[in-house]
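Numbered per my numbering, the sequence shown spans residues 1 to 210.
From the three backbone atoms N, C-alpha and C, an ideal C-beta is built for every residue, glycine too.
Please read these numbers as outputs of a predicted model, since none were measured by experiment.
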Amino acid sequence: ASIADMQAGLGSVAMLLGETSGGGLATLMKLDLDNLDQETVEGQLMTHASGLRFLSAALQPEIAQGHLPVAHVDAVLTRLAKTADYLYLDLGSVLDEATSHAITRCDVVIVVVEPERVCLTLAKALLDRIHVLDPQPDELCVVMTERVEAGAAYGPREVESMLGLELAGVIEPAGEAARQAVEQGMPIVLMQPESPVAEQILDLNHRLLI
């Protein structure tokens, strides 16, 4: 499996995996389209200790409002799709032209929400926009999660009503396990594979992607 951080700036995938952001997507976006061959794109992939390969994004905040060239994004995705059985994309929360195009190439799109008013309002606007993209992804899913055990403002049924979609899954608060995973640069499913949250993530992955 591979994961690509498809954001113009402030990418976090590399940092979450314990690596330094740099090169990767930013380097590929600067090249001429004709130079984005298989070898060049694969040359920007890094490998995590678990064997997961990933394409990092730039960390510079000054380019975070920039737009990725759609043709470049399409070429990169085509090359990356040849390198793994499963390709995961971190598309952030901005639905610009490049992100919209990436979504139309996905088999499954997962929108992650927290059960609080502001997040759900923004998620509803995002979902409404995704619904009018052409072509549509084969499956559009919503997963609810909480960062901390502070008591949700809305329950699962209320979230479904507000978004107009049935939840594909609910991931319980990971608490200390999530903090340790970030500090150690190791996914929870590898660091604590028998924990309830790891089992929920693996079950969701199995149901949606396998």
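Legend entry - Complete runs of the alpha helix (DSSP H) confined to the region 11-59 [at least 4 residues]: Counting whole runs of 4 or more residues, the region 11-59 contains the alpha helix (DSSP H) stretches 13-16, 24-29 and 38-42.
Inset, instruction - Can you give me the start and stop residues for the beta strand (DSSP E) that D145 sits inside? - result: One point to set straight first is that residue 145 is Thr, not Asp, in the sequence displayed. Counting along the chain, the beta strand (DSSP E) containing T145 begins and ends at E139 to T145.
Inset, instruction - Find the nearest neighbour of A14 within the set Q184, L202 and L204, judged by alpha-carbon distance. - result: Q184
Legend entry - Cβ separation of M46 and L25, assumed to be a contact under 8 Å, to the nearest whole Å: At roughly 12 Å, the Cβ-Cβ gap does not stay under 8 Å, so M46 and L25 are not in contact.
Inset, instruction - Report the residue from N35, A58, V112 and H48 whose alpha carbon sits nearest the alpha carbon of R79. - result: N35
Inset, instruction - For T99, I'd like the list of residues in its chain whose CB is within less than 6 Å of its CB, leaving aside the five on either flank, ordered along the chain. - result: L91
Inset, instruction - Would you mind sorting A71 into buried or exposed? The rule is 16 or more other CB atoms within 10 Å of its CB. - result: exposed
Inset, instruction - Grab the span of the beta strand (DSSP E) containing S2 for me, first residue to last. - result: S2 to D5
Legend entry - Proximity winner among E146, E158, V41 and R105, relative to L133 (alpha-carbon distances): R105
Inset, instruction - Put D107 into one of helix, strand or coil per three-state DSSP. - result: coil
Inset, instruction - Identify, in the order they occur along the chain, each residue of the same chain with its Cβ nearer than 6 Å to the Cβ of A81, setting aside the five sequence neighbours on each side. - result: L87
Legend entry - 7 Å CB neighbourhood of S21 in its chain, flanking five on each side removed: Excluding residues within five positions, the ones whose Cβ falls inside 7 Å are G11, A14, M15, S56, A57, A58 and L59.
Legend entry - For L204, the three-state DSSP class (helix, strand or coil): helix
Inset, instruction - Rank P135, E97 and M162 by C-alpha distance to the C-alpha of V113 and give the top, closest one. - result: M162
Legend entry - C-alpha distance - A125 paired with L95, whole-angstrom precision: Rounded to whole angstroms, A125 to L95 spans 10 Å at the Cα level.
Inset, instruction - Would you identify the three-state DSSP class for L120, choosing helix, strand or coil? - result: helix
Legend entry - Buried versus exposed call for H48 [16 or more other C-beta atoms within 10 Å across all chains shown]: buried
Inset, instruction - Let me know the secondary structure DSSP gives D90 once reduced to three states. - result: strand
Legend entry - CA-to-CA distance, Q44 to T27, given in whole angstroms: Across the structure, T27 and Q44 are spaced so that their CA atoms are roughly 8 Å apart.
Legend entry - Beta-carbon gap between R117 and A153 smaller than 8 Å: yes
Inset, instruction - Report all residues from its chain with a CB closer than 6 Å to the CB of D107; omit the five preceding and five following residues, and keep chain order. - result: D138
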